[in-house]
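Residue numbers (my numbering), protein chains in the order written: chain D, 31 to 513; chain U, 9 to 494.
Here's the structure, in structure tokens; my notes come after.
Structure below.
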């Protein structure tokens, strides 16, 4: 039987504010336990929450970026449950009226674009951490994370495969970093997903019973967890079993999901509006201010690169994968001399998506920490455009740039890498090689094309790779054919 | 001197007829001698108080003084005061020492006032008789076999027994006004949002409001000047132009329109109370006021609406008392759930547990609409009633409490009867309006009766004026309880 997998994601993006959502304590990661938990965060008697406007700004930015409706009045509610790392005994979240409703994200699915609709995005505070190791059977509580601002982004069940879910998560991940609302660090838990997974017979318009996989903090786990879970559900149904609504955890070691709780023991969170906080009112001026401060979004940039610079969709997808890359591309292109703009843009895109990306990967550094600056790369590309460098030599020069040996021109001069384009000099080399290789010349004239390539190779070798290959080809052919 | 008004005490201090240390010591001595009779204080720390008094004397010697500099004030044990044990009347916080000052405490400290001690109260301010305190009931200085009212019973008893010149309280459903009435003193609950709730241990956040208790309206005005101030740490704190609450005290009352809600004079109020209230209103007529009957039809729903909203908020507010980070933790638990259950079962008293259960129930899935949302609708109706009434009158008057102080233990077994003690005070909290109580007579047994004055939003200065001119004509507020006289 043919099954269809249906997936919706709930994504928690930690908003990159300096202080917490309802207190002045720092949100910096990695401090010693409980050193960044103030009276409000540890819920001393008598303390009260005060909303961090910076967190709201970031939620609005997100809403604008996904074309959502920004609710002019939203309400903070209390979600009540007991847990040792939840100091107040309730989490402040938005329930009935979230700050952001609707919106959509476009992903690439099977070579085509697909729209994933969003249900909502709401502001809430994170809980602390329970540490079960190192305490001899007891549990340690670290409240540094308690009160960290989160934007919970809820998608519609629009995804039909683990790959689509990963594509969506990646698109969202790129977007929140692009608009500078989240640092996107999945290792530090700044960006994590819950996946609601169900299966149904192909062609059915009824949703199956879903199980929610909690807390997936890498794209790989997201993919593995959904694949395992969907397979498990299909197996159950084919065995004539029913799926019970449940929350499950993914175990990366076994690659399996396991039951955490079923619907029967689900909490009744007793949501009600938090009387300590007034409804959040967003007026036109606030919205306008935020809209004006928005960076150009990836889709707009991609469109601009294609229409104004003639880049291909494939080139631009990579360039707009994050804002640093796109900014780096523009900064580089602005400094590239010579050539027509589309040609310069294409060459610049190739360098950034190719050699530079590979080097960053090898060195495991982010673009922000790249040892090659945009102007430095532009200097190199300019020498390729004016044919000073062959593409092979350009790679050597790039190597020098990476190692900090100075500008492209300095490296070219120091290493004597300037391409030989002087036809007199090339002719001399050609003549020498022809004179020294009478047999190969004869082979070529006898119809062996291979012999020509061998001669070219020897000329290039004699020039230490500096001869302009196109010219070498041209002159050699001319000389041989005239014999 | 012990019976002097704050204004007189302030003048004596400024003129160096007495030092703050002497004044504070005099009160501490009285507390030593008489607190056992009324159980007004949970915590007294003479050393800390005298250190503050000493600092106040230095300020006075430099001429750096305000009206409350050097004056000892008792604080309800609901306010966090740095270094002071802050129990909220509960076993749960029996040994909790607050590491920070409430905004109100900061304001008193900045004014140079002296913290005289922390006063008894119903546990987490849940009660109308002070009998739910883990530290035992406070006793009425007029008759120690009777209740003080609550929840600010200790503060009311301290002032009525002359164990403090003034005190702070909090009022969620009448917790300042009702004990003020039952103990024969003056008390005021300001408009919701005027006094910061930061550092005040929450009972029902949308209703809780701090306010002063004192011997006269004139004293209340001075205390209010200190207590009212915008605080960015409380999101419900209101930013208002600064006010001098004494500025209208002596304004004439001619033309004052007093609204008399028929619902406040119906069945269920004792004849002695009714007689005292009617006499007080006659006095106002003599002062030039006119009266008009007004209707507050939704007010009969105020007790049921309150006993949905207040427990709902309380059930959530009190979740933080879980034994994990501070406060009481039970011994001998088997796992986390057992620790929670035992800690909360042993740390909270019966009334607190009752309200947590009610609140948990009304917020539960399937009941929320029928209880919580319905109660919020009633709340809006009540506010609308008042808005309509204030189109016809400047202040509303009636009894603060349907009866005078009842016997300790008399209503303990009947929560509904106890809840009805607040039938006239709750509506002001639901609407967020200011309300006050001033003594206006006694019953046959010589127990005080309180006149309630409810004003429109932000009309505290006018209300104090209304109260003050009555107190200039009458001496009910100046009468001394037997403990105060001893």
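Note that beta-carbon positions come from the ideal geometry of N, C-alpha and C, so glycine has one too.
Backbone secondary structure at residue i - three-state DSSP
i, result
"residue 96 of chain D", "coil"
"residue 104 of chain D", "strand"
"residue 120 of chain D", "strand"
"residue 481 of chain U", "helix"
"residue 217 of chain D", "coil"
"residue 103 of chain U", "coil"
"residue 464 of chain U", "coil"
Cutoff 8 Å: residue i Cβ touching any chain U Cβ
i, result
"residue 174 of chain D", "no"
"residue 69 of chain D", "yes"
"residue 118 of chain D", "yes"
"residue 312 of chain D", "no"
"residue 302 of chain D", "yes"
"residue 76 of chain D", "yes"
"residue 100 of chain D", "no"
"residue 83 of chain D", "no"
"residue 122 of chain D", "no"
"residue 406 of chain D", "no"
Selection from the options that minimises the alpha carbon distance to residue i
i, options, result
"residue 192 of chain U", "U/485, U/493, U/494, U/492", "U/485"
"residue 146 of chain U", "U/92, U/53, U/44", "U/44"
"residue 438 of chain U", "U/309, U/475, U/363, U/448", "U/309"
"residue 393 of chain U", "U/462, U/72, U/108", "U/462"
"residue 150 of chain D", "D/479, D/175, D/114, D/97", "D/97"
"residue 189 of chain D", "D/54, D/127, D/135", "D/135"
"residue 351 of chain D", "D/327, D/394, D/385, D/124", "D/327"
"residue 304 of chain D", "U/210, U/422, U/127", "U/210"
"residue 242 of chain D", "D/212, D/282, D/287", "D/287"
"residue 88 of chain U", "U/127, U/76, U/312, U/246", "U/127"
"residue 87 of chain D", "D/299, D/174, D/508, D/317", "D/317"
"residue 236 of chain U", "U/283, U/355, U/332, U/110", "U/110"
CB contact check: residue i to chain D, cutoff 8 Å
i, result
"residue 240 of chain U", "yes"
"residue 332 of chain U", "yes"
"residue 344 of chain U", "yes"
"residue 105 of chain U", "no"
"residue 219 of chain U", "no"
"residue 108 of chain U", "yes"
"residue 208 of chain U", "yes"
"residue 324 of chain U", "yes"
"residue 327 of chain U", "yes"
"residue 205 of chain U", "yes"
Straight-line gap, residue i to residue j (C-alpha atoms, nearest Å)
i, j, result
"residue 493 of chain U", "residue 101 of chain U", "34 Å"
"residue 396 of chain U", "residue 403 of chain U", "12 Å"
"residue 194 of chain D", "residue 296 of chain D", "29 Å"
"residue 28 of chain U", "residue 468 of chain U", "29 Å"
"residue 390 of chain D", "residue 324 of chain D", "28 Å"
"residue 113 of chain D", "residue 164 of chain D", "20 Å"
"residue 223 of chain U", "residue 68 of chain D", "39 Å"
"residue 467 of chain D", "residue 510 of chain D", "12 Å"
"residue 173 of chain U", "residue 119 of chain U", "16 Å"
"residue 281 of chain U", "residue 459 of chain U", "9 Å"
"residue 221 of chain U", "residue 379 of chain U", "34 Å"
"residue 159 of chain U", "residue 33 of chain U", "27 Å"
Assigned exposure category for residue i - 16 Cβ within 10 Å defines buried
i, result
"residue 131 of chain U", "buried"
"residue 400 of chain U", "exposed"
"residue 66 of chain D", "buried"
"residue 365 of chain U", "exposed"
"residue 199 of chain U", "buried"
"residue 373 of chain U", "exposed"
"residue 83 of chain U", "buried"
"residue 69 of chain U", "exposed"
"residue 62 of chain D", "exposed"
"residue 16 of chain U", "exposed"
"residue 308 of chain D", "exposed"
Residue i Cβ short of 7 Å to the ligand GDP heavy atom set
i, result
"residue 104 of chain D", "The ligand GDP is not part of the structure shown, which contains no ligands of any sort."
Contact list for residue i against chain B, beta-carbon separation under 7 Å
i, result
"residue 80 of chain D", "In the structure shown, chain B does not exist; the protein chains are D and U."
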